[in-house]
Amino acid sequence: DAGITQSPRHKVTETGTPVTLRCHQTENHRYMYWYRQDPGHGLRLIHYSYGVKDTDKGEVSDGYSVSRSKTEDFLLTLESATSSQTSVYFCAISARGGLATNEKLFFGSGTQLSVL
Amino acid sequence: AQTVTQSQPEMSVQEAETVTLSCTYDTSESDYYLFWYKQPPSRQMILVIRQEAYKQQNATENRFSVNFQKAAKSFSLKISDSQLGDAAMYFCAYRSLVGVNYGGATNKLIFGTGTLLAVQP
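Quick mapping for you: the protein sequence lines, in order, are chains L and H. With our numbering applied, the first sequence corresponds to residues 209 to 324, in that order. With our numbering applied, the second sequence corresponds to residues 1350 to 1470, in that order.
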């Protein structure tokens, strides 16, 4: 299994409070991703990073920001949490964006976030 | 923009039988990858099988195989000899290869909404 740790595993918070989720990897992979999973929507990309301090938006980035100051850590911040951000958040990593047949996306175990 | 559609929210199969999960996608690109991921109750995302669009031969992995119809933009997953451990949510996913030749591509995936597979003993 790829070395990906998401923290916390579960979190309950109140509307309007800031929340930061952490993804930590020990694989030294270049690419890191944040997805959210909701019933009826599958997984949708929030933000991704292609290197230290290099990030870009995904399809559902509104209300979220990210930071990557070190290769191993990718933080997802909800500046002011809303009930619509209640979801399961997955971090994923990949070594590169090429065509290698062993190219894979490795997922963390997810963080269940409830915003009340 | 690409889209992935899974029209079967839930499916059920008897143990040892065969089941096929459907997936269709929309894209204007000619080269891409397609995937099936399995998500058991543990929430872990597990890669089941992958198909390169330029390959005509359908991918197989043990009891799992795909029926890739590029012209119809269809990518179904067949599970043979179903086992209780196959019970899970299954997601179809699309990966664009735009930019791959100059290092601009990533492993961003576009997922379908999932099919929940139940296996009856």
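All C-beta atoms in this analysis are idealised placements derived from N, C-alpha and C, irrespective of residue type, glycine included.
{"query": "Proximity test, Cβ basis, 7 angstroms: H/Gly-1461 and chain L", "result": "yes"}
{"query": "Environment of H/Ala-1467 [buried if 16+ CB atoms lie within 10 Å]", "result": "exposed"}
{"query": "Contacting residues, own chain, Cβ-Cβ under 8 angstroms from L/Val-260 (five flanking each side not counted)", "result": "Arg-276, Ser-277, Lys-278, Thr-279"}
{"query": "For L/Ser-277, the three-state DSSP class (helix, strand or coil)", "result": "strand"}
{"query": "Reduced DSSP category for H/Gly-1434 - H, G, I as helix; E, B as strand; rest coil", "result": "helix"}
{"query": "Inter-residue Cα distance where the pair is L/Ala-300 and L/Ala-289", "result": "22 angstroms"}
{"query": "Contact set for H/Glu-1410: own chain, Cβ-Cβ below 6 angstroms, skip 5 residues either direction", "result": "Ile-1398"}
{"query": "Rounded C-alpha distance that separates H/Lys-1422 from H/Thr-1354", "result": "10 angstroms"}
{"query": "When L/Glu-287, L/Ser-295, L/Trp-242, L/Lys-265 are compared against L/His-330, the one with the closest alpha-carbon", "result": "Outside the modelled stretch of chain L, which goes from 209 to 324, sits residue 330 of chain L, for which no answer is possible."}
{"query": "In DSSP terms, what H/Tyr-1382 is bridged to", "result": "H/Glu-1401, H/Arg-1444"}
{"query": "contact_flag[the region 264-272 of chain L, the region 211-222 of chain L] where n(CB pairs < 8 angstroms) is 3 or more", "result": "no"}
{"query": "For L/Gln-293, three-class secondary structure by DSSP", "result": "helix"}
{"query": "Inter-residue spacing [alpha-carbon to alpha-carbon] between H/Gln-1351 and H/Phe-1417", "result": "17 angstroms"}
{"query": "C-alpha gap between L/Gln-320 and H/Gly-1434, whole angstroms", "result": "24 angstroms"}
{"query": "Integer-rounded CB distance, given that L/Phe-315 should sit under 8 angstroms from H/Met-1438", "result": "Actually they are not in contact, since the Cβ atoms of H/Met-1438 and L/Phe-315 sit about 13 angstroms apart, beyond 8 angstroms."}
{"query": "Neighbour flag for L/Phe-282 against chain H, beta carbons, 7 angstroms", "result": "no"}
{"query": "Neighbouring residues, chain L, relative to H/Met-1360 (Cβ below 8 angstroms)", "result": "Here the premise fails: no neighbours, minimum Cβ distance about 16 angstroms."}
{"query": "Chain-ordered chain L contacts of H/Asn-1416 [CB-CB under 9 angstroms]", "result": "Under the 9 angstroms cutoff, chain L gives no residues; its nearest Cβ is about 21 angstroms from H/Asn-1416."}
{"query": "Within-7 angstroms CB hit, H/Asn-1407 to chain L", "result": "no"}
{"query": "Residue-chain proximity (H/Phe-1413, chain L), Cβ-Cβ < 7 angstroms", "result": "no"}
{"query": "Same chain, Cβ closer than 7 angstroms to H/Tyr-1381, five either side skipped, listed in chain order", "result": "Ala-1402, Tyr-1443, Arg-1444, Ser-1445, Leu-1446"}
{"query": "Beta-carbon proximity of L/Leu-284 to L/Val-274, cut-off 7 angstroms", "result": "yes"}
{"query": "Exposure label - H/Ala-1408; buried when at least 16 CB within 10 Å", "result": "buried"}
{"query": "Exposure of L/Arg-244, with buried meaning 16 or more beta-carbon neighbours within 10 Å", "result": "buried"}
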